[in-house]
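Okay, so here's the structure we're looking at.
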Amino acid sequence: ALHAGKRLDRFLCDTFPERSRTYFGDLIARNCVRVFKNSCQDPIPIKKSYKVTELDQLEVQFIVTPQDSAIVPEPIPIDVIYQDKHIVVLNKPANMVVHPAPGNWTGTLVHALAYHFADVLSIPVDGQAGAREQQGDGVITARDVAARDFRPGIVHRLDKDTTGVIVTARNGGALAKLQKSFAMRTVRKTYLAVCYGNPVGEGRVRYIVDAPIGRHPTKRMEMAVVHESRGRAAKSVLHVLGSDSKSKLHLVLVTIESGRTHQIRVHLQHRKAPILGDEQYGSATINHTFRAQVKRPLLHAYSLELDHPEQNQRMRFIAKIPTDFLQMVDACMIPEFSKNPAQFIDSALVTETPSSALLSSLNKKKQSALENNQK
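Mapping of the sequence shown onto the numbering used here: position 307 corresponds to residue 314, and the numbering continues sequentially without gaps.
What follows is the structure, encoded as structure tokens:
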């Protein structure tokens, strides 16, 4: 309602102040901006003078310009869990974006990596020359990262306010092997979430959500559980570790077998148990009730288990749980959980671990499918 009645180019300029009104006028002329009315699936014809309304849904495709600034390494503190000459494993804090994107061209994990591990900026992309040699002026720009899908060393992502373990590569060989491991789903990712509502159902402690995820049909900035014809397969295994006395708040261990955008947040919302503090997928009323204790979505990437890209060794990395998360669990769900979280988590993980024979079978099928697709 605040922006209703504004010209489209002015609205975009106000929303993304790092870009000029002329820039957005050019995007509109190039059909890089689309406006959807209500639940309509097709965009409406627009000009830069179009007046936005409260119910409009916008999609914007940004274009790289010569004025884009270079990625300047920034001395941002990072919490290193493990490092060697091939990989770096970090505990990402809240309020940090992983890579540059509209609205976050600086202050990202990529900028921090560039400062602490300068070699990531020389990682080849898709087997091409090193990143510094790809640019005519010898530099990598922030919008190259976003627009060309070049994210030096980044193998997977965490949402801005999601904390926890994330692995990055330090050379092209490690990057390629890690990417293959994620594609083959041999990487085991485990999260902790505090949600409002019981996602597994009364009388249960475990539930498997097997529901495809795709773009929300009307809210263009959100994902949703959709029909399989409109989304991609997504599976999350939920295990309740503890609950409050009223069975409203629940600490949930989540193991994901796929990595869709906002997967855990969407699946828990689908189960009518949204993550506490999630302003996008959660309940505004519930979040307001807990506003004094909860300032962000309580979602933490607890552990990551993978095959080291060079050492041929299975490794498991655990990220320390943030204080705000532990305080909420201690106070409302499991007293003194913070003294020994692994006691509760590892016992639940035992029941989630597939047999080595099953993993081997699944990996062989996946490898065969990949090889057939390459023929």
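All C-beta atoms in this analysis are idealised placements derived from N, C-alpha and C, irrespective of residue type, glycine included.
All values reported here derive from a predicted model rather than from experimental measurement.
Query, Result
"Outcome for residue 205 when other beta-carbon atoms lying within 10 angstroms are tallied against a minimum of 16", "buried"
"Pairwise C-alpha distance: residue 170 and residue 329", "8 Å"
"Contact set for residue 235: own chain, Cβ-Cβ below 6 Å, skip 5 residues either direction", "219"
"Whole-number beta carbon distance between residue 283 and residue 203, since they are thought to touch under 8 Å", "5 Å"
"Limits of the unbroken alpha helix (DSSP H) element including residue 273", "270-277"
"Residue 181 versus 127, 273, 332 and 279, residue with shortest Cα-Cα distance", "127"
"For residue 243 and residue 274, believed in contact at Cβ under 8 Å, the rounded distance", "5 Å"
"At least 3 beta-carbon pairs within less than 8 Å: the segment 184-194 vs the segment 103-115", "no"
"Residues that DSSP places opposite residue 324 in a beta bridge", "311"
"Contiguous beta strand (DSSP E) assignments of at least 3 residues, all confined to the segment 168-245", "170-176, 195-203, 213-217, 220-222 and 230-232"
"C-beta atoms of residue 325 and residue 172 nearer than 8 Å", "yes"
"Under the three-state DSSP convention, the category residue 333 falls into", "helix"
"Continuous beta strand (DSSP E) stretch holding residue 40: start and end", "40-44"
"Check whether residue 388 and residue 280 have beta carbons under 8 Å apart", "The requested residue 388 is not part of the displayed model; the chain covers only 8 to 382."
"Cβ neighbour criterion (16 or more within 10 Å) applied to residue 137", "Confidence in residue 137 is poor, its pLDDT being 37 and thus under 50, which makes the residue's placement too unreliable to answer from."
"Sufficient close CB pairs (3 or more, under 8 Å) joining the segment 340-356 to the segment 246-254", "yes"
"Residue 294, buried or exposed, once every other Cβ within 10 Å from all chains shown has been counted against 16", "buried"
"Close beta carbons around residue 94, own chain, < 8 Å, minus the five adjacent residues each side", "174, 175, 176, 177, 181, 185, 315 and 316"
"Buried versus exposed call for residue 166 [16 or more other C-beta atoms within 10 Å across all chains shown]", "buried"
"Distance, residue 162 Cα to residue 190 Cα", "10 Å"
"Buried/exposed call for residue 89, threshold 16 Cβ in 10 Å", "exposed"
"N-terminal and C-terminal residue of the beta strand (DSSP E) that residue 261 is part of", "256-263"
"For residue 193 and residue 375, the rounded distance between their alpha carbons", "With a pLDDT of 49 at residue 375, under the threshold of 50, the modelled position of that residue is not reliable, and the figure given next carries that caveat. When rounded, the distance between both Cα atoms is 14 Å."
"Residue from 97, 15, 78 and 96 whose Cα sits closest to the Cα of residue 65", "15"
"Residue(s) in a DSSP beta bridge with residue 282", "202"
"Pick from 214, 80 and 195 that is closest to residue 278, judged by C-alpha positions", "214"
"Same chain, Cβ closer than 8 Å to residue 364, neighbours up to 5 away in sequence not counted", "Its pLDDT being 38, under 50, residue 364 is placed unreliably by the model, and nothing is read from it."
"Of the residues 81, 113, 341 and 96, the one placed nearest residue 121, counting alpha carbons only", "81"
"Collapsed DSSP secondary structure at residue 86 in the structure displayed", "coil"
"Element boundaries [beta strand (DSSP E), containing residue 117]", "Element bounds for residue 117: not the beta strand (DSSP E) but the alpha helix (DSSP H), 116-123."
"Given residue 123 as reference, the closest of 97, 35 and 108 once Cα atoms are compared", "97"
"Residue range of the unbroken alpha helix (DSSP H) whose run includes residue 33", "28-36"
"Closest residue to residue 229 among 51, 322 and 276 (Cα-Cα distance)", "276"
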